[in-house]
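Here the structure comes first, spelled out in structure tokens, and everything after it is commentary.
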Amino acid sequence: RAAQGRAYGNLGNTNYLLGNFRKAVMFHEQRLLIAKEFGDRPAERRAYSNLGNSFIFLGEFEMAAEYYKRTLQLARQLKDRAVEAQSCYSLGNTYTLLQDYGKAIDYHLKHLTIAQELNDRVGEGRACWSLGNAYTALGNHDQAMHFAEKHLEISREVGDRS
Amino acid sequence: VQRMHLIQVDSVQRWMEDLKWMTECE
Numbered sequence: 061r062a063a064q065g066r067a068y069g070n071l072g073n074t075n076y077l078l079g080n081f082r083k084a085v086m087f088h089e090q091r092l093l094i095a096k097e098f099g100d101r102p103a104e105r106r107a108y109s110n111l112g113n114s115f116i117f118l119g120e121f122e123m124a125a126e127y128y129k130r131t132l133q134l135a136r137q138l139k140d141r142a143v144e145a146q147s148c149y150s151l152g153n154t155y156t157l158l159q160d161y162g163k164a165i166d167y168h169l170k171h172l173t174i175a176q177e178l179n180d181r182v183g184e185g186r187a188c189w190s191l192g193n194a195y196t197a198l199g200n201h202d203q204a205m206h207f208a209e210k211h212l213e214i215s216r217e218v219g220d221r222s
Numbered sequence: 054v055q056r057m058h059l060i061q062v063d064s065v066q067r068w069m070e071d072l073k074w075m076t077e078c079e
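Residue numbers (our numbering), protein chains in the order written: chain A, 61 to 222; chain B, 54 to 79.
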């Protein structure tokens, strides 16, 4: 049964990479059931994250947000700061797709805090870029300028010309 | 509003490009 769980996860991932997102969801849901059966929380966490990603490409952003929230919850329980940061980044982007810029900003700020804590300059740059765009969408140009300047500074530092 | 929507797309597009290849391995 445990091997079956891993096989479902691999089938979900393979279908995802092939662009078969409906099938990917089906397999990751099966993987999730088995992870829960075994009380395997890291596997449960992976399934949530994989499901969130699949729903993004199905255009079902509300569903994606729900799964990313569960990913975030488990990442916190498992004390995995890197995954917590990634979940916040995903949630920020998902709420941007949903055009809920207030929530997008909340999550991008959370991502920024963790990226700074982990000394992840690339992550920090992404967070600033995203925040600049979200504040622009809200018409808050002072904050947008602040984050655009930080984005430029970090991009120069990491040598990202684009 | 339309212009702002276009502006916000670039950072999200970049994220989605990375997401395409992002799977959590067993």
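Even glycine gets a Cβ: it sits at the ideal position worked out from N, Cα and C.
- In terms of beta-carbon proximity, Gly69(A) lines the interface with chain B, with at least one pair separated by less than 8 Å.
- Residue burial is scored here from C-beta neighbours: Gln146(A) has at least 16 other C-beta atoms within 10 angstroms and is therefore classed as buried.
- In the three-state scheme derived from DSSP, where H, G and I count as helix and E and B as strand, Arg67(B) is classed as helix.
- For Asn73(A), the C-beta contacts it makes with chain B under 8 Å involve Thr76, Glu77, Cys78, Glu79, in order along the chain.
- DSSP, read as helix, strand or coil, puts Lys73(B) in coil.
- The C-beta distance from Leu138(A) to Arg101(A) rounds to 6 Å, short enough to fall under 8 Å.
- Of all residues in the region 113–125 of chain A, only Asn113, Ile116, Phe117 come within less than 9 Å of chain B when Cβ atoms are compared, listed by chain position.
- In this structure Phe98(A) is exposed. Its beta-carbon is surrounded by fewer than 16 other beta-carbon atoms within 10 angstroms.
- In the three-state reduction of the DSSP assignment, Asp202(A) falls in the helix class, which pools H, G and I.
- Per DSSP, the unbroken alpha helix (DSSP H) holding Asp166(A) starts and ends at 161–177.
- Arg66(A) belongs to the set of residues whose beta carbon lies under 8 Å from a beta carbon in chain B.
- Identification of chain B residues near Asn110(A) by a Cβ-Cβ cut-off of 8 Å yields Thr76, Glu77, ordered along the chain.
- For chain B, the residues of the region 150–169 of chain A that bring a beta carbon within less than 7 Å of one of its beta carbons are Asn153, Thr156, Leu157, in chain order.
- Counting along the chain, Asn73(A) sits inside the alpha helix (DSSP H) bounded by residues 62–77.
- As the crow flies, the alpha-carbon of Phe207(A) is around 30 Å from that of Tyr108(A).
- When Cβ-Cβ separations below 8 Å define contact, Arg82(A) makes no contact with chain B.
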